[in-house]
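**Q** Please find one structure pasted underneath; my questions will follow.
In the UniProt record's numbering, the protein residues as written are 1 to 181.
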């Protein structure tokens, strides 16, 4: 198979991290993995806590453009792995195969996600990432809007949040003159 990421290499049979079968590009180092092979490996290795990255540093690539599945020729869908990284893993829904750019497996291991790879493609996982990104954006907007008072406002909000009369407290605060009837 030809590599559809770099378009220059060939995908040769290999083992990802000597753990499970994959096809690795002999040019860019990306890996094409059948999810069934990963799940079979995962099932046989319940203690994934020992899965760590070696002490040496690693480089992580990212394919920005849409990926074409090297097996089917159809577009693959990109899935975010976490809210605090732009790296995405590509999934071919037709044959349940994934593409990981060079270094992404190591990235998953450093984040403790190598044993949860299949969860990344679920709606709850992606919804959690979207919610975290939304919260991050709103936090930035509020910080800009409220400036140096933002920390105090957040602290006060947390203080009144559990109170039964918080609506009355807010009404008191927004009233031009809370002592007038």
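Every residue, glycine too, gets a C-beta built ideally from N, C-alpha and C.
Mark residue 70 as exposed unless 16 or more other C-beta atoms lie within 10 angstroms of its C-beta, in which case mark it buried.
**A** So residue 70 counts as buried.
**Q** Taking the C-alpha atoms as reference points, what is the distance between residue 172 and residue 127?
**A** Rounded to the nearest angstrom, the two C-alpha atoms are 36 Å apart.
**Q** Using the rule of at least 16 other Cβ atoms within 10 Å of the residue's Cβ for burial, across every protein chain shown, is residue 180 buried or exposed?
**A** Exposed, since its Cβ has fewer than 16 Cβ neighbours within 10 Å.
**Q** To which residues does DSSP link residue 95 through a beta bridge?
**A** Note: residue 95 sits in no beta bridge, so no partner.
**Q** Just verifying my parser: in three-state terms, what is the DSSP assignment at residue 110?
**A** Helix.
**Q** Can you give me the C-alpha to C-alpha distance between residue 10 and residue 4, rounded to a whole angstrom?
**A** Distance between the alpha carbons of residue 10 and residue 4 is about 9 Å.
**Q** Look up residue 124 in the DSSP assignment and say whether it is helix, strand or coil.
**A** Three-state DSSP puts residue 124 in a helix.
**Q** Between the C-alpha atoms of residue 63 and residue 155, what's the straight-line distance to the nearest angstrom?
**A** Their Cα atoms are separated by approximately 41 Å.
**Q** Roughly how many whole angstroms lie between the Cα atoms of residue 117 and residue 146?
**A** Whole-angstrom Cα-Cα distance: 39 Å.
**Q** What does the alpha-carbon distance come out to for the pair residue 174 and residue 124?
**A** Straight-line Cα distance between these residues: approximately 38 Å.
**Q** Hey, is the stretch 29–37 in contact with the stretch 80–98, meaning 3+ C-beta pairs nearer than 8 Å?
**A** Contact holds: three or more Cβ-Cβ distances are below 8 Å.
**Q** Using the DSSP secondary-structure output, state which residues sit across from residue 88 in a beta bridge.
**A** 80.
**Q** Are residue 119 and residue 83 touching if we call contact CB-CB under 8 Å?
**A** Against a cut-off of 8 Å, the Cβ pair of residue 83 and residue 119 comes out as no contact.
**Q** Checking 8 Å against the spacing of the C-beta atoms, do residue 72 and residue 91 come in under that value?
**A** No, Cβ-Cβ distance for residue 72 and residue 91 is not below 8 Å.
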